[in-house]
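A.B. asks:
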């Protein structure tokens, strides 16, 4: 009887994963309304403009998450070449007439009013491909020849994203690649052979692009150009500083009145900090860290190597992006555009992340007991 009860619990999976995702996403919609209603009414004549878009993305993402939950993750892994090829194709389409340029960067492809950000898809395509590759033969991770295909796939992905340009997601994918190679059992000398050139290349990439150098200077001393490159960071710090411990109250942000650029997307955490204070941010990050914990626990206790690698990769993408976004808005690293998962305005990010966490939930069904 106890054995049957254990099996029944395993079949249910870790229900806290999708519950956390839905809760954070709904909170995100609330904060998007707060951060964007003034600008949306001024620009589009509809204060719910961004909320409607995010709500549509939430509904599509929720349906996608529910549908992917019933698909065996081993079946998804069989389409690894299709997924990574599609990822490359979409990233390449950015540089065609289908590419949509905003603020000097081509990061989207658009058909009519529909736009897609391929880099959001590429992160999870890479996770599935890498997990499937090593699961087929785990000993591949012990030789340089064995890890070379993953390095090449990761390098091509990073290069295409870098050319958009999108430094933040490039760093995210690079960090993801190193993390997945590390847990696959790669030898330390191979790891150093990847990390050292990457660290050398980073300052070179900054120096060869004037806008990156300006952002670095603004990070070092934003007050040197308070109306230029340092403007966004200063406004973010003003928002967080004025929020204090308890915040100025929900819907009462002052920075959202067109002082803080991208207040509904990349810098929404600043508005959360202003309105809900340190306590509100701490609770949000507590829930996000709890979600990451459930993801890593699923990975560690998964019965299959494939499930372990996929769960680890999906959770790592989420945690990396949360940490990078938090470091940017607090001025801890140079400012760069990267959405806060499930919270920032952006349909592609929301739908893709919800779908990925649907896969994570499906993997949790392969665990004896969470």
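Residue numbers (this note's numbering): 1223 to 1592.
Glycine included, C-beta positions come from ideal geometry on N, C-alpha and C.
Small disclaimer: the values here were computed from a predicted structure and weren't measured.
Any idea if residue 1480 is buried or exposed, counting beta-carbon neighbours within 10 angstroms, 16 or more meaning buried?
C.D. replies: exposed
A.B. asks: Using the C-alpha atoms, what's the distance from residue 1587 back to residue 1239?
C.D. replies: 12 Å
A.B. asks: Going by Cα to Cα distance, which pick from 1564, 1354, 1426, 1262 is closest to residue 1604?
C.D. replies: Residue 1604 is absent from the structure shown; the chain starts at 1223 and stops at 1592.
A.B. asks: Does residue 1562 pass the burial test, meaning 16 or more other C-beta atoms within 10 Å, or should it be called exposed?
C.D. replies: buried
A.B. asks: Would residue 1376 and residue 1408 qualify as a contact pair, given that the criterion is a beta-carbon distance under 8 Å?
C.D. replies: Note that the C-beta distance between residue 1376 and residue 1408 is not below 8 Å.
A.B. asks: What are the complete alpha helix (DSSP H) segments, minimum 4 residues, inside the segment 1288 to 1345?
C.D. replies: 1295 to 1299, 1302 to 1315
A.B. asks: So within the segment 1458 to 1530, which uninterrupted alpha helix (DSSP H) runs reach at least 4 residues, ignoring any that extend past its ends?
C.D. replies: 1490 to 1523
A.B. asks: Compute the Euclidean distance between the alpha carbons of residue 1314 and residue 1340, then round it to the nearest angstrom.
C.D. replies: One C-alpha to the other measures close to 9 Å.
A.B. asks: Please name the residue, chosen from 1413, 1276, 1583, 1329, that lies closest to residue 1388 on a Cα-to-Cα basis.
C.D. replies: 1329
A.B. asks: On the DSSP letters alone, give me the boundaries of the alpha helix (DSSP H) that residue 1584 sits inside.
C.D. replies: 1569 to 1586
A.B. asks: For residue 1302, which residues of its own chain have a beta-carbon under 6 Å away from its beta-carbon, when the five flanking residues on both sides are left out?
C.D. replies: 1350, 1351, 1354
A.B. asks: Based on Cα-Cα distance, which residue from 1347, 1475, 1460, 1283 lies nearest to residue 1308?
C.D. replies: 1347
A.B. asks: Tell me the residue span of the alpha helix (DSSP H) that contains residue 1447.
C.D. replies: First-last for residue 1447: undefined, no H or E at that position.
A.B. asks: Name the DSSP beta bridge partners of residue 1589, please?
C.D. replies: BP columns for residue 1589 point to 1524.
A.B. asks: Beta-carbon separation of residue 1291 and residue 1584 under 8 Å?
C.D. replies: yes
A.B. asks: Out of 1499, 1272, 1293, which has the shortest C-alpha to C-alpha gap to residue 1255?
C.D. replies: 1272
A.B. asks: Check whether the Cβ atoms of residue 1536 and residue 1573 sit closer than 8 Å, and answer yes or no.
C.D. replies: no
A.B. asks: Per the contact definition of three or more C-beta pairs closer than 8 Å, is the segment 1402 to 1419 in contact with the segment 1534 to 1551?
C.D. replies: Touching, yes.
A.B. asks: So does the segment 1499 to 1517 actually touch the segment 1235 to 1251, counting three or more Cβ pairs closer than 8 Å?
C.D. replies: Touching, yes.
A.B. asks: Taking the straight line between their C-alpha atoms, what separation do you get for residue 1522 and residue 1465?
C.D. replies: 38 Å
A.B. asks: Which residues mark the beginning and the end of the alpha helix (DSSP H) in which residue 1245 is found?
C.D. replies: 1238 to 1266
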